[in-house]
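See the structure below:
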């Protein structure tokens with residue numbers, strides 16, 4: 001099944017590529033890989049929430065951040081597809097790096113980044129299996145709770 005067909009089957013639509021918020025490009029091709037810049041969980045040009053992830057009042061709950069990581073992964077698919085001339089040229093996922101703006105007491109970064117990993121697995125099946133890092137950071141651009149970058153294989 002093609003990637004486009006799988007996205008349709010999952011009820012997902014690729015969003016427009018998120019414009020860069022600084023001096024970079026959304027994705028770059030090198031060899032048989034396309035590397036995305038860090039993708040924020042932008043939806044229609046804005047972040048659904050801002051702040052640090054944690055389980056105390058005033059923090060972004062981990063479950064919400066996990067959903068935002070899914071959005072980051074979908075934005076990464078869109079950026080990579082634009083760089084290689086279409087989503088069906090993407091053949092799999094090589095590496096995922098997720099950054100979680102974390103309350104100092106929060107240690108659930110892997111669970112948050114699972115949102116991205118699970119979406120990529122749903123879309124690419126076995127070809128979506130990837131190596132990964134999930135990193136807690138003090139702050140992210142625009143005060144986003146999560147940011148994800150992905151290296152895809154393509155043909």
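Residue numbers (the numbering used here): 1 to 155. Here a beta-carbon is modelled for each residue, glycine too, at the ideal position from N, C-alpha and C. Remember, predicted model here, so these are calculated numbers, not experimental data.
Could you give the distance in angstroms between the alpha-carbon of residue 80 and the alpha-carbon of residue 52?
-> It is roughly 27 Å from the alpha-carbon of residue 80 to the alpha-carbon of residue 52.
Using a threshold of 8 Å, state whether the C-beta atoms of residue 91 and residue 24 are closer than that.
-> no
Write down the C-beta distance between residue 166 and residue 104 rounded to the nearest angstrom, noting that I regard them as a contact closer than 8 Å.
-> Nothing can be reported for residue 166: it is not among the residues displayed for the chain, which extend from 1 to 155.
Using only alpha-carbon positions, find the residue among 152, 149, 129 and 140 that is nearest to residue 47.
-> For the residues 152, 149, 129 and 140, the minimum Cα distance to residue 47 belongs to 140.
Quick one, which of 16, 150 and 146 has its alpha-carbon nearest residue 68's?
-> Per the Cα distances, 146.
Between which two residues does the alpha helix (DSSP H) harbouring residue 83 extend?
-> Bounds of the alpha helix (DSSP H) holding residue 83 are 62-84.
Can you tell me where the alpha helix (DSSP H) with residue 132 in it begins and where it stops?
-> From DSSP, residue 132 is part of no alpha helix (DSSP H) but of the beta strand (DSSP E) over 131-137.
List the endpoints of the continuous alpha helix (DSSP H) containing residue 9.
-> 3-9
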